[in-house]
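Under numbering that gives the first Met the number 0, the first residue of the sequence shown carries the number 0, and numbering increases by one thereafter. Think of the CB as a built atom: it goes at the ideal place given N, C-alpha and C, for glycine as much as any other residue.
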Amino acid sequence: MPAFPDIAKIAYEGPQSKNPLAFKHYDANALIEGKTMAEHLRFSVVYWHTMCGNGTDMFGWGTAQRPWEAGLSGIDLAKARVPVFFEICEKLGAPYYAFHDRDVAPHGATLKQSNQWLDTIVKLLKAQQKKTGIKLLWGTAQLFAHPRYAHGAATSCDANAFAYATAQVKKALEVTHELGGEGYTFWGGREGYSSLWNTDMKRELEHLAKFLHMAVAYKKEIGFKGQFYIEPKPKEPTKHQYDSDAAACLNFLREYDLIDHLKLNLETNHATLAGHSMQHEMEVAGAAGALGSIDANTGDLMLGWDTDQFPTDIYLTTQCMLSVLKYGGFTTGGVNFDAKVRRESFEPVDLFHAHIGGMDAFARGLKIAAAIRADGRLDAFVKNRYRTWDSGIGKDIEKGKIGFKQLEAHALKFGEPKLESGRQEFLENLINEFI
Ligand code: XUL
Ligand code: CO
Numbered sequence: 000m001p002a003f004p005d006i007a008k009i010a011y012e013g014p015q016s017k018n019p020l021a022f023k024h025y026d027a028n029a030l031i032e033g034k035t036m037a038e039h040l041r042f043s044v045v046y047w048h049t050m051c052g053n054g055t056d057m058f059g060w061g062t063a064q065r066p067w068e069a070g071l072s073g074i075d076l077a078k079a080r081v082p083v084f085f086e087i088c089e090k091l092g093a094p095y096y097a098f099h100d101r102d103v104a105p106h107g108a109t110l111k112q113s114n115q116w117l118d119t120i121v122k123l124l125k126a127q128q129k130k131t132g133i134k135l136l137w138g139t140a141q142l143f144a145h146p147r148y149a150h151g152a153a154t155s156c157d158a159n160a161f162a163y164a165t166a167q168v169k170k171a172l173e174v175t176h177e178l179g180g181e182g183y184t185f186w187g188g189r190e191g192y193s194s195l196w197n198t199d200m201k202r203e204l205e206h207l208a209k210f211l212h213m214a215v216a217y218k219k220e221i222g223f224k225g226q227f228y229i230e231p232k233p234k235e236p237t238k239h240q241y242d243s244d245a246a247a248c249l250n251f252l253r254e255y256d257l258i259d260h261l262k263l264n265l266e267t268n269h270a271t272l273a274g275h276s277m278q279h280e281m282e283v284a285g286a287a288g289a290l291g292s293i294d295a296n297t298g299d300l301m302l303g304w305d306t307d308q309f310p311t312d313i314y315l316t317t318q319c320m321l322s323v324l325k326y327g328g329f330t331t332g333g334v335n336f337d338a339k340v341r342r343e344s345f346e347p348v349d350l351f352h353a354h355i356g357g358m359d360a361f362a363r364g365l366k367i368a369a370a371i372r373a374d375g376r377l378d379a380f381v382k383n384r385y386r387t388w389d390s391g392i393g394k395d396i397e398k399g400k401i402g403f404k405q406l407e408a409h410a411l412k413f414g415e416p417k418l419e420s421g422r423q424e425f426l427e428n429l430i431n432e433f434i
């Protein structure tokens with residue numbers, strides 16, 4: 000029995016359509032810069048918000064109406080969610096999904112029982128993947144909900160909690176491998192501190208690096224070829240998280256000799272919590288050759304926390320897709336909707352509206368980004384702005400051919416550099432021609 004008998008596969012109907020259950024911009028097979036939209040965007044639906052989000056907030060109970068959950072709990076509930084999830088992904092035409100170990104299967108009383116329950120669900124996931132052709136973008140371990148991780152997992156003050164976390168990641172890696180996952184994400188949910196009075200930061204950072212090195216070694220041991228990602232977020236749940244933004248993650252990876260093993264999985268709402276735009280984070284990662292995947296969502300300008308809303312802002316999606324195209328497109332990564340419907344949007348159909356809106360917003364962003372690139376004026380402006388570096392003194396500096404003495408001689412001879420406008424407003428207007 001389908002959970003959504005009244006909803007057919009979501010079709011592309013074009014910008015004129017008034018059908019809320021149709022795509023206006025996402026035309027999976029349309030070609031852009033030589034690839035289909037589906038190949039560019041590699042949309043992914045997350046299991047945790049889509050299946051497990053029930054609308055609970057700090058002040059109120061769950062509101063979500065999920066008829067397929069009626070009367071069920073524990074492993075029976077977990078089993079019932081699997082086909083519904085794949086029905087949603089299939090009807091959306093999303094080629095990928097992502098999950099945490101403990102959102103597909105419940106926490107057991109022991110690690111052994113948790114692993115057994117996970118195995119039970121992994122069998123069902125595997126069968127659904129086979130039936131639908133939907134693939135796993137990345138798996139991950141949930142190392143932040145259980146009280147044992149109150150002080151962190153890889154950065155816990157207790158070596159036994161660290162051990163428990165590694166055991167959980169070991170299993171999560173095995174099942175991700177089993178399911179043919181194209182990646183595996185590390186988000187340090189509680190890898191940080193709430194107070195420095197009780198924290199040995201240096202030791203915790205070293206432990207986090209050890210933990211990741213062990214994961215790299217185990218990945219090799221089991222022959223898992225997927226891409227590892229680290230997902231920056233500055234705070235929430237802790238006051239400060241070590242993987243606070245793209246630059247901090249890159250610095251950590253370089254310091255601990257992990258840079259060749261992990262790329263970044265960037266999330267919009269995490270970027271804004273860090274005081275950056277998503278475009279900033281994507282450019283930092285892209286410049287370092289570490290732009291892996293994105294968790295597509297958005298925060299609320301008026302709120303200072305992780306609201307995980309579906310992305311609808313065309314400027315945002317245009318900026319994202321400009322960076323993605325600039326750095327050569329996704330390889331293992333994709334546009335993963337780490338986003339949840341509002342507590343007030345409690346009907347099952349809202350899950351469709353949300354994803355359709357996010358997919359259309361990214362499809363528009365892709366089309367606009369490709370049009371800006373084809374137009375060429377933006378690129379030409381930036382290239383021209385740096386033209387003094389293409390020859391003469393600039394080229395010599397870039398090539399490392401000269402030092403302070405020759406530059407002083409040049410400055411004495413050349414005199415005052417000629418100032419040119421940055422033309423920000425002109426460029427903002429140019430971008431608006433396309434949006
Ligand atoms: C939390 C968050 C996580 C990670 C995976 O803010 O983004 O869901 O994406 O653990
Ligand atoms: Co995320």
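### Query
Using 8 Å as the threshold, is the segment 38-48 in touch with the segment 7-19, meaning 3 or more CB pairs across them?
no
### Message
Less than 7 Å separating the Cβ of GLU89 from some heavy atom of ligand 1?
### Response
The answer is no for GLU89.
### Task
Would you tell me roughly how many angstroms separate the C-alpha atoms of LEU315 and GLN405, rounded to the nearest one?
44 Å
### Query
Hey, how far is the Cα of ALA63 from the Cα of LEU20?
C-alpha separation (whole angstroms): 20 Å.
### Task
Measure the alpha-carbon distance for LYS446 versus TRP67 and round it to whole angstroms.
The requested residue 446 does not occur in the structure, where the chain is confined to residues 0 to 434.
### Query
Can you name the start and end residues of the alpha helix (DSSP H) that ASP349 belongs to?
348-374
#### Entry: For GLU266, the first and last residue of its enclosing beta strand (DSSP E)
For GLU266, the enclosing beta strand (DSSP E) starts and ends at 261-266.
#### Entry: Cβ neighbours of GLY52 in the same chain (closer than 8 Å, five flanking residues each side left out)
ALA63, LYS339 and VAL340
#### Entry: Ordered list of beta strand (DSSP E) runs contained in the segment 145-177, each at least 3 residues
none
### Query
Do TRP137 and ligand 2 come close, with the Cβ less than 7 Å from some heavy atom?
Not under cutoff, so the answer is no.
### Message
If distances are taken between C-alpha atoms only, which option among THR271, ASP26, ASP294 and LYS134 comes closest to LEU263?
### Response
The shortest Cα separation from LEU263 among THR271, ASP26, ASP294 and LYS134 belongs to ASP294.
### Task
Answer yes or no: the CB of TRP47 versus the heavy atoms of ligand 1, is any distance below 7 Å?
yes
### Task
Report all residues from its chain with a CB closer than 6 Å to the CB of MET320; omit the five preceding and five following residues, and keep chain order.
GLY364, LEU365 and ALA368
### Query
Can you name, in chain order, every residue of its own chain whose Cβ lies under 6 Å from the Cβ of GLU280, other than the five neighbours on each side?
ALA245, LEU265 and ALA270
#### Entry: Identified DSSP bridge partners for PHE3
Looking at the DSSP assignment, PHE3 forms no beta bridge with any residue, so it has no partner.
### Task
Kindly examine ligand 1 and report whether one of its heavy atoms sits closer than 7 Å to the Cβ of TRP304.
no
#### Entry: Rounded separation between VAL283 and LEU30 - CA only
28 Å
### Message
If you measure between the beta carbons of ALA171 and ASP100, is that distance less than 8 Å?
### Response
yes
### Query
Does ligand 1 have even one heavy atom less than 7 Å from the beta-carbon of ASP299?
no
### Task
Just confirm the distance between the C-beta atoms of LEU272 and LYS234, as a whole number of angstroms; I'd bet it's less than 8 Å.
6 Å
### Query
Contact check, PRO310 vs THR297 under 8 Å by CB: the rounded distance?
5 Å
### Task
Could you tell me which uninterrupted alpha helix (DSSP H) segments, each at least 4 residues in length, are contained entirely in the segment 298-345, listed from first to last along the chain?
Entirely contained in the segment 298-345, the alpha helix (DSSP H) runs reaching 4 residues are, in chain order, 313-325.
### Task
Pick helix, strand or coil for THR198, following the three-state DSSP scheme.
It is coil, neither helix nor strand.
### Boundaries of the beta strand (DSSP E) in which GLN141 is found, first to last residue
It is not in any beta strand (DSSP E) - GLN141 carries neither H nor E in the DSSP assignment.
### Query
Can you give the Cα-Cα distance for PHE22 and GLY107, rounded to whole angstroms?
41 Å
### Query
Taking C-alpha atoms, which residue in ILE229, GLU419 and PHE84 lies nearest to TRP186?
Residue ILE229 is the option with its Cα nearest to TRP186.
### Query
Taking the continuous beta strand (DSSP E) assigned at SER113, which residues delimit it?
Run containing SER113: none in the beta strand (DSSP E); it sits in the alpha helix (DSSP H), 110-131.
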